[in-house]
Amino acid sequence: MSGQQIRREETDLSIQSINHALNKLTSLHESLLTLSKEKTEIVKEGSVAKLQSLLIKEQKFVQAIEQAEWKRQQAVHAWAIQHHTDPDTVTITYILKNETDKTSGKELEQWSTRLTSTLAQLKQQEHLNRELVKQSLQFVELSLDMLNPTIQGMNYGDKRSSAVPVRSVFDSKA
C-alpha cells in the first residue's frame with residue numbers, strides 16, 4: 015500500500031466523519047424543531063406541567079447537539095490537519111472547494127444545506143414561541159393588575175378627600 019493510497023483513505027475517513035456528524039446534527043435539530051412545534055401548541059393551551067416536561071426533553075436534545083457539534087469540530091480538525099490547513103479557518107465551503115472526492119463532497123453539501131434550512135426553521139419557530147410566551151406573561155400581568163386593587167382603591171382608610179380643606183367649627187385664634 016503506497017503512502018498516497020493511505021493518505022487518500024484517511025481523507026475519505028475524515029470526510030465521512032464530517033458527513034456523519036452533519037447527519038447527526040441535522041437529525042437532532044429536526045427533532046428539536048418537532049419539539050419546538052409541540053411547545054407552540056402547549057403554550058397556546060397554557061399547560062405548565064406539559065411545558066415543564068417538554069423543556070426537560072428539549073434540554074436533553076441540546077446536550078446531544080453539543081456532543082454532536084464537538085464530534086463535528088473534531089472531524090473538521092482532522093480533515094484540516096490532513097490537508098495542512100489551519101483548523102480554525104476551515105469552513106464547509108472551503109472543504110467543498112478542496113475535496114477531491116466529489117461524491118463525498120456532494121453529500122457534504124446536501125447535509126450542510128439541510129442543516130442550514132433546519133436551523134432557519136428552528137430559529138423562526140423559537141421566535142414564535144418567545145412571542146407567545148411574552149404575550150402570555152403580559153396577559154397574566156394584566157390579569158393580576160386587574161385582580162389586585164391599588165392602595166387608593168382599597169375600602170379602608172380615610173375616605174375624605176385631602177383636596178378640600180376642612181374647616182374647624184372652633185376658631186383657633188381665640
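The opening position of the sequence shown corresponds to residue 15 in the working numbering, with each subsequent residue numbered one higher. Backbone N, C-alpha and C define an ideal beta-carbon position, used for all residues, glycine too. As the structure is a prediction and not an experimental result, all values here were calculated from the model.
The shortest C-alpha to C-alpha distance from residue 142 to any of 54, 95, 131 is the one to 54.
Under the DSSP assignment, residue 117 falls in the alpha helix (DSSP H) whose first and last residues are 116–161. Three or more Cβ pairs closer than 8 angstroms define a contact, and the stretch 33–50 meets that threshold against the stretch 127–139. Annotation for residue 107: the continuous alpha helix (DSSP H) segment containing it runs 106–112. When rounded, the separation of the alpha-carbon atoms in residue 136 and residue 81 is 19 angstroms.
If you draw a straight line from the Cα of residue 138 to the Cα of residue 51, it is about 11 angstroms long.
Residue 162 is classed as exposed because its beta carbon has fewer than 16 other beta carbons within 10 Å across all chains shown. Using a Cβ distance threshold of 8 angstroms, residue 42 and residue 79 count as a contacting pair. Secondary structure of residue 100 (DSSP, three-state): coil. In the same chain as residue 104, and ignoring 5 residues on each side of it, the C-beta atoms closer than 6 angstroms to its own belong to 90, 94, in chain order. In the three-state DSSP reduction, residue 50 falls in the helix class (H, G or I). At a Cβ-Cβ threshold of 8 angstroms, residue 29 and residue 159 do not count as neighbours. Inclusion of residue 58 and residue 146 in the CB contact set at 8 angstroms is warranted, their separation being smaller than that value. Counting of Cβ neighbours within 10 angstroms places residue 33 among the buried residues, the total reaching 16 or more.
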